[in-house]
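For reference, the structure is listed below as structure tokens.
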Amino acid sequence: MQAQPASFVFSGQSRRQSLRSTHRNLVRRIICTFSTRDNSWTDGLVARRGSPADRGVIFRSILSEGMNPLGIRTERFLVVEEKDFQSQKNQIVGFGQLRPLSATDLELASVYVAPAYRRRGIASRIVAHLLEEQRRSLHSVSGPKKRRIFCLTVGNESLYSRAGFTRFPLDQNFIWNSDIPCGLRFEMLAGRVVAALVKPQDVLVLLYTILEA
Numbered sequence: 001m002q003a004q005p006a007s008f009v010f011s012g013q014s015r016r017q018s019l020r021s022t023h024r025n026l027v028r029r030i031i032c033t034f035s036t037r038d039n040s041w042t043d044g045l046v047a048r049r050g051s052p053a054d055r056g057v058i059f060r061s062i063l064s065e066g067m068n069p070l071g072i073r074t075e076r077f078l079v080v081e082e083k084d085f086q087s088q089k090n091q092i093v094g095f096g097q098l099r100p101l102s103a104t105d106l107e108l109a110s111v112y113v114a115p116a117y118r119r120r121g122i123a124s125r126i127v128a129h130l131l132e133e134q135r136r137s138l139h140s141v142s143g144p145k146k147r148r149i150f151c152l153t154v155g156n157e158s159l160y161s162r163a164g165f166t167r168f169p170l171d172q173n174f175i176w177n178s179d180i181p182c183g184l185r186f187e188m189l190a191g192r193v194v195a196a197l198v199k200p201q202d203v204l205v206l207l208y209t210i211l212e213a
């Protein structure tokens, strides 16, 4: 009678270890895709993988837009720069990230473009670039070739709908909906509280699915 709980704990630990290993492998695949192609854009813009030196700019920019600045891992970010010929340095003009939620689910998050560079299609290109990189990463995957990419947004649905995102159906009991990754459910709950205080709009959950034969 006493052996059963011990067996249950061991099984749970093994499952958690397996999920952590799968999660780490997914993060590695996301990171590797950034370095496998030419990331030069037109208009003098260059896309690259984020680095620790970008953390301050990313944190301040995210905070200024009322987005969640916690848990930033710069290596997940796609950073877009423009060459500043006067200072001979690159200036960060935008960024975005794909944040792993599970072995097959991710969240498109922290999409930002500096005010002086908006209305030039940069945000749309960041989103398209991240989706394409994730699609390419599936070619090297031996398991299920499917990715669900979620996105939470308040009042910016058109940006993501142009990229192919559609609304994910929700009801009042979404917090118990097992089809939504656990981490995203709590983020949705927190987002609704913040949105109610800051903006008179609800948080929308959008979904983009990648399927490879």
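Each residue of the sequence shown is one higher than the one before, starting from 1 at the first, in UniProt numbering.
Beta carbons: idealized from backbone N, C-alpha and C, even for Gly.
- Around the beta carbon of F95, a 10 Å sphere encloses 16 or more other beta carbons of the protein chains shown; the residue is thus reported as buried.
- For the 8 Å CB-CB criterion, I149 and L138 do not form a contact.
- Taking 8 Å as the cut-off, the Cβ atoms of L204 and R167 count as close.
- According to DSSP, residue pairing for C182 in a beta bridge does not occur.
- Residues G96, A123, I126, V127 of the same chain have their beta carbon placed closer than 7 Å to that of V111, with the five preceding and five following residues left out of the count.
- Note that the C-beta distance between A47 and L98 is not below 8 Å.
- For the options V57, M188, I92, D43, the alpha carbon positioned closest to that of C151 is the one of M188.
- Ranked by Cα distance from E65, the first of Y160, S161, P115 is P115.
- Taking each of N90, I92, Q86, A103 in turn and checking the Cα distance to P181, the smallest one comes out for A103.
- I62 is positioned such that its CB atom lies no closer than 8 Å to that of T74.
- The three-state reading of DSSP puts F59 in helix, counting H, G and I together.
- Remark: C-beta atoms of Y160 and L211 do not approach each other more closely than 8 Å.
- Taking 4 residues as the minimum length, the alpha helix (DSSP H) runs contained wholly in the UniProt domain "N-acetyltransferase" (45 to 187) are 55 to 64, 122 to 137, 157 to 161, in order along the chain.
- For the pair F165 and Y208, the CB atoms are nearer than the 8 Å cut-off.
- Using a Cβ distance threshold of 8 Å, G44 and K83 count as a contacting pair.
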